[in-house]
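Structure record follows, encoded as structure tokens.
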Amino acid sequence: MKAVQLRTPRRTPELVELPVPRPGPGQVLLSVTGVGLCHSDFLLLDTPAGMLRRMGVSLPLTLGHEVVGTVAALGAGTSGVSEGETVALYGPWGCGRCRRCADGAENLCVRREVLGISPPGLGSPGGLAEYMLVDSPRHLVPLGGLDPLQAVPLTDAGLSAYHAVKRSLPKLGPGGAAVVIGVGGLGHLAVQLLRALTPVQVIAVDVSEEKLTLASGLGAHATLVSDDSTAQRVRELTDATGADVILDFVGTQSTVEMAGACVATGGDVTVAGVGRGALPVGFDTPAYGVSVAGTYWGTRTDFTEVIELARAGVLTARLETYALQEVPRAYDRLRQGRISGRAVVLP
Ligand code: NAD
Ligand code: ZN
Ligand code: ZN
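Letter by letter, the sequence shown follows residues 1 to 347 in UniProt numbering.
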């Protein structure tokens with residue numbers, strides 16, 4: 001089968017020919033129909049060898065953690081899915097048994113590190129290939145008639161954006177405001193989720209005019225170019241109070257500082273972007289009663305809810321499609337911020 005692998009640290013991923021894997025007991029072989037490229041892939045693509053080792057990542061690694069496919073074969077004793085069924089992959093694999101996993105929050109599995117469990121495409125072999133092994137049918141969610149191509153960006157971009165929005169729903173009431181920083185794969189879905197699930201003013205922030213035009217088209221009430229004056233302009237749009245919720249899908253030092261500077265008293269700052277910025281938190285920092293959290297992917301419950309929202313027509317991913325051979329070009333475009341919505345590879 002064809003697969004795209006990171007084989008040498010900090011080199012362009014390569015298209016290679018590999019044997020089709022055989023599902024072992026309890027496993028599922030997926031024939032991949034679509035796989036999304038995520039900005040988090042650069043955490044692997046840009047990382048030197050020593051750091052990859054410390055992250056527990058060994059090369060070569062088949063990339064791709066946003067996966068939809070059809071069930072091609074079942075390992076011995078596997079049940080719960082049938083051959084030919086189209087399914088979406090729940091990527092943040094946990095142990096399935098700890099107290100968080102029991103609650104559906106496999107993204108926060110407390111035994112993941114102890115057991116050395118890595119998500120597909122971010123440590124375990126991923127889905128940027130014609131076939132992919134899935135450790136358990138538990139990780140596969142039926143689409144219920146949703147277009148399989150549309151489902152691809154929901155598996156991470158949609159799930160992570162929904163998880164971030166859902167955390168703050170109690171603070172997103174009438175008269176309120178939310179800021180979305182970074183209108184890329186995650187952010188363009190967050191704008192739609194905020195419009196569909198809340199009555200607040202949605203303010204979108206990006207460095208690119210094209211992304212701001214996209215945000216307006218998806219329902220953002222106001223758009224702001226990201227610069228030193230953004231926080232002040234958010235205050236002007238919110239009667240000087242600041243916004244109740246800031247969703248930062250960039251997460252660099254400058255954007256987390258922007259988030260801290262424009263969040264209202266008692267609001268939420270949620271950092272989903274992996275830009276490694278840090279926001280100091282104290283008694284009155286960034287303001288009284290502000291809750292600051294990082295979020296990682298989403299729960300199994302969130303995932304089924306995201307799929308239901310898409311089935312209900314309130315969430316539509318913008319996407320560009322690419323062949324496996326075009327993955328390096330698609331990553332270049334993603335790095336340059338030129339993908340509108342999500343890049344989805346069709347193996
Ligand atoms: P993307 O490249 O599709 O989108 C990023 C957007 O941010 C682009 O539109 C870009 O123009 C914009 N941007 C860049 N710098 C900016 C700035 N200073 N101010 C405002 N906007 C800016 O990326 P994506 O795949 O949507 O991922 C977004 C971030 O979320 C990445 O850091 C990624 O690693 C991370 N991520 C986190 C999770 C999670 O579970 N927390 C899941 C997926 C991705
Ligand atoms: Zn991702
Ligand atoms: Zn667990």
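For every residue, glycine included, the Cβ atom is placed at its ideal position computed from N, Cα and C.
- Counting the other Cβ atoms within 10 Å of the Cβ of serine 40 gives 16 or more, which makes it buried.
- For glutamine 27, the secondary structure class from DSSP, reduced to helix, strand or coil, is coil.
- The closest CA to that of glycine 175, considering only Pro9, Gly242, Phe283, is found on Gly242.
- Under DSSP, proline 153 forms no beta bridge with any residue.
- The Cβ-Cβ distance between phenylalanine 249 and isoleucine 181 falls below 8 Å.
- Shown in chain order are the residues whose CB sits closer than 5 Å to a heavy atom of ligand 2: Cys38, Ser40, Asp156.
- By the Cβ-count criterion, valine 314 is exposed, with fewer than 16 other Cβ atoms from all chains shown falling within 10 Å of its own Cβ.
- Nearest neighbour of valine 200 by Cα position, chosen from Ala190, Ala177, Thr213, Tyr90, turns out to be Ala177.
- Contact check for glycine 24 against valine 67 fails: the beta carbons are separated by 8 Å or more.
- DSSP links proline 142 through a beta bridge to Val87.
- With a cutoff of 8 Å on beta-carbon distance, leucine 346 and threonine 321 are scored as near each other.
- DSSP, reduced to helix, strand and coil, places glutamine 5 within a strand of the structure shown.
- At a cut-off of 7 Å, the beta-carbon of serine 136 does not count as near ligand 1: no heavy atom of the ligand is closer than that.
- Residue environment analysis places glutamate 236 among the exposed positions, since fewer than 16 neighbouring C-beta atoms fall within 10 angstroms of its C-beta.
- A residue is called buried when at least 16 other Cβ atoms come within 10 angstroms of its Cβ; arginine 99 does not meet this threshold and is exposed.
- Shown here for threonine 198: same chain residues with a beta carbon closer than 6 Å to its own, the five before and five after excluded, namely Leu172 in chain order.
- Residues of the same chain with a CB within less than 6 Å of the CB of alanine 231, apart from the 5 flanking positions on each side, are Met258, Ala261, Cys262 in chain order.
- By the Cβ neighbour-count rule, methionine 51 is exposed, with fewer than 16 other Cβ atoms within 10 Å of its own.
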